[in-house]
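**Student:**
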Amino acid sequence: MSLVNPEDKLLKTITEVARELGIKEYVLRYWETQFPQINPSRQKGKRLYDINDVKTIKTIQDLLHNQKYTIQGAKNFLYFENEQDNDKNMLDVLAELKKLYSFLREAMSDE
């Protein structure tokens, strides 16, 4: 008897992901060709999907099947979502740099 919940595994095979999400393996292979965000590692020729891959696949599945996006529409959505994350990260870095600059100016003026 295994104490590990299959849903909690760090790496999953294509069969496990397909079964978990209720989609065919060939669909996952096709999505890999269309969405560079899905990048499973390979071990002895087997695809191994990590948690981020599975999360991305779930998002793609929702966009295509529930929200009725086209493949191109889903690509655009994921691209712009990533861009927004990058913009937020840049703003966070900029805020930290401003704090550091103020700190250094104060330190220099105290000397």
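Everything in the sequence shown is counted per my numbering, starting at 458 for the first residue and increasing by one.
We put the beta carbon where it would ideally sit given N, CA and C, even for glycine.
(1) Just how far apart, CA to CA, sit Glu485 and Ile471?
(2) Three or more beta-carbon pairs under 8 Å between the stretch 519-527 and the stretch 501-508, yes or no?
(3) To the nearest whole angstrom, what separates the beta carbons of Gln497 and Arg504, a pair I think is in contact under 8 Å?
(4) Is the separation between the beta-carbon of Leu478 and that of Ile514 shorter than 8 Å?
(5) Are Ala475 and Lys481 closer than 8 Å when you measure CB to CB?
(6) Consult DSSP for Leu505 and reduce its assignment to one of helix, strand or coil.
**Tutor:** With the given structure in hand:
(1) Here residue 485 refers to the residue found at position 28 when the sequence shown is read from its first residue. Here residue 471 refers to the residue found at position 14 when the sequence shown is read from its first residue. Reading the sequence as shown, one finds Leu at residue 485 and not Glu. Their Cα atoms are separated by approximately 8 Å.
(2) Fewer than three pairs of CB atoms, one per stretch, sit closer than 8 Å, so the stretch 519-527 makes no contact with the stretch 501-508.
(3) Against the sequence shown, residue 497 aligns to sequence position 40. Against the sequence shown, residue 504 aligns to sequence position 47. Inspection of the sequence shows that residue 497 is occupied by Pro rather than by Gln. Yes, they are in contact, since the Cβ atoms of Pro497 and Arg504 sit about 4 Å apart, within 8 Å.
(4) In the sequence shown, the residue the question calls residue 478 occupies position 21. In the sequence shown, the residue the question calls residue 514 occupies position 57. In contact: Leu478 and Ile514 (Cβ atoms closer than 8 Å).
(5) By one-based count along the sequence shown, residue 475 stands at place 18. By one-based count along the sequence shown, residue 481 stands at place 24. A distance below 8 Å separates the beta carbons of Ala475 and Lys481.
(6) To locate residue 505, count along the sequence shown from 1; it is residue 48. Strand, per DSSP.
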